[in-house]
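Step one of this worksheet: look at the structure below.
In the working numbering, the protein residues as written are 507 to 805.
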């Protein structure tokens with residue numbers, strides 16, 4: 507086959523070779539954790555607007571939990587950790603304040619930190635509207651300094667799974683520094699059982715995901731890759747606009763209780779309990795997710 511001819515004539519000379527090379531790059535498997543693009547996601551006006559919409563839709567489990575789950579989860583957290591006026595809580599990756607504002611109704615002193623200006627603006631507006639006092643910080647919890655003295659740190663909706671091993675260690679060390687002796691860290695992760703449900707695949711479409719990635723016309727490619735030994739999945743999105751190509755990497759690490767316990771113990775955090783989720787359901791190895799409570803040393 508010498509080339510492709512459209513009904514109205516041949517493509518420009520050499521265009522098929524350039525297109526083939528571009529498609530080869532789009533479908534190339536990246537090295538594990540070779541890029542981290544969460545900051546780019548949240549700095550894009552179009553994408554951050556769509557992410558906020560997903561966060562605030564209480565009928566879907568996508569960017570945030572369903573509304574009824576959040577209510578049950580906050581009630582369980584408040585009871586389990588005895589939250590009240592003398593408690594200090596920091597919510598890492600707080601998003602639009604769906605947990606932080608509710609936790610503040612217990613009387614606890616709550617701080618929320620998130621990288622998204624749009625989410626932080628919404629969280630502050632809702633806190634004012636609801637009459638709750640929450641200190642919101644715009645910043646990356648991987649690098650933003652936080653004062654010590656917290657009794658409880660939370661990281662909810664699998665944020666931990668989006669980080670590389672080095673980033674996870676940095677988060678755990680930061681948690682260790684900001685928590686009081688005996689303080690608790692509650693967070694959730696995807697399980698190894700969930701890893702087995704992923705398939706490698708390719709998807710393509712004009713305005714992929716109903717225009718999620720840009721308000722301008724674009725073509726989107728989604729490549730899903732499995733990294734078997736590390737139990738990591740990558741969703742690589744390549745967004746092609748008329749004058750620009752963007753690439754976003756969404757990493758999903760998966761854990762069993764033993765591997766997660768080892769990461770925590772490496773920085774002197776001890777697993778106190780494991781649950782099926784952050785609403786206190788019973789832990790099961792076969793579940794798609796689980797949550798842990800880790801404690802800092804008391805002395």
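Note that CB positions come from ideal geometry on N, CA and C, so glycine has one too.
Close-in-space but distant-in-sequence residues of the same chain around residue i (CB under 6 Å, 5 per side omitted)
i	result
residue 578	785
residue 715	none
residue 610	616, 638, 640
residue 548	554, 621, 622
residue 539	670
Exposed unless 16 or more other CB atoms sit within 10 angstroms - verdict on residue i
i	result
residue 529	exposed
residue 750	exposed
residue 792	exposed
residue 722	exposed
residue 775	buried
residue 727	buried
residue 796	buried
residue 531	exposed
residue 768	exposed
residue 559	exposed
residue 507	Summary for residue 507: the model assigns pLDDT 39, below 50, so the residue's position carries little reliability, and this model does not support an answer.
residue 705	exposed
residue 526	exposed
residue 690	buried
Neighbour flag for residue i against chain D, beta carbons, 8 Å
i	result
residue 683	Absent here is chain D; the protein component of the structure consists of one chain.
Residue j beta carbon less than 8 Å from that of residue i
i	j	result
residue 758	residue 696	yes
residue 645	residue 621	yes
residue 612	residue 584	yes
residue 798	residue 772	no
residue 535	residue 731	yes
residue 700	residue 628	no
residue 802	residue 682	yes
residue 713	residue 724	yes
For residue i, the first and last residue of its enclosing alpha helix (DSSP H)
i	result
residue 679	671-684
residue 607	606-610
residue 752	Element bounds for residue 752: not the alpha helix (DSSP H) but the beta strand (DSSP E), 750-761.
residue 584	573-586
residue 547	544-549
residue 634	623-636
Proximal residues to residue i (C-beta, below 7 Å), its chain only, five neighbours per side dropped
i	result
residue 635	none
residue 648	673, 676, 677
residue 720	552, 745, 747
residue 688	801, 802, 804
residue 626	620, 642, 644
Cβ neighbours of residue i in the same chain (closer than 8 Å, five flanking residues each side left out)
i	result
residue 596	616, 617, 618, 619, 652, 656, 658, 659, 660, 684
residue 541	753, 755
residue 632	602, 603, 607
residue 545	621, 646
Extent of the continuous beta strand (DSSP E) run through residue i
i	result
residue 747	738-747
residue 524	Segment 521-532 is the alpha helix (DSSP H) holding residue 524; no beta strand (DSSP E) there.
residue 707	707-712
residue 656	656-661
residue 616	615-620
residue 795	795-801
Residue from the options whose Cα sits closest to the Cα of residue i
i	options	result
residue 605	672, 573, 525, 777	573
residue 533	593, 747, 741	741
residue 667	594, 694, 734, 681	694
residue 591	580, 614, 782, 582	614
residue 598	575, 642, 580, 537	642
residue 575	712, 737, 662	662
residue 654	679, 523, 630	679
residue 556	587, 738, 624, 725	624
Cβ-heavy atom distance, residue i to the ligand FAD, below 7 Å
i	result
residue 790	Annotation note on the ligand FAD: not contained in the displayed structure, which lists no ligands.
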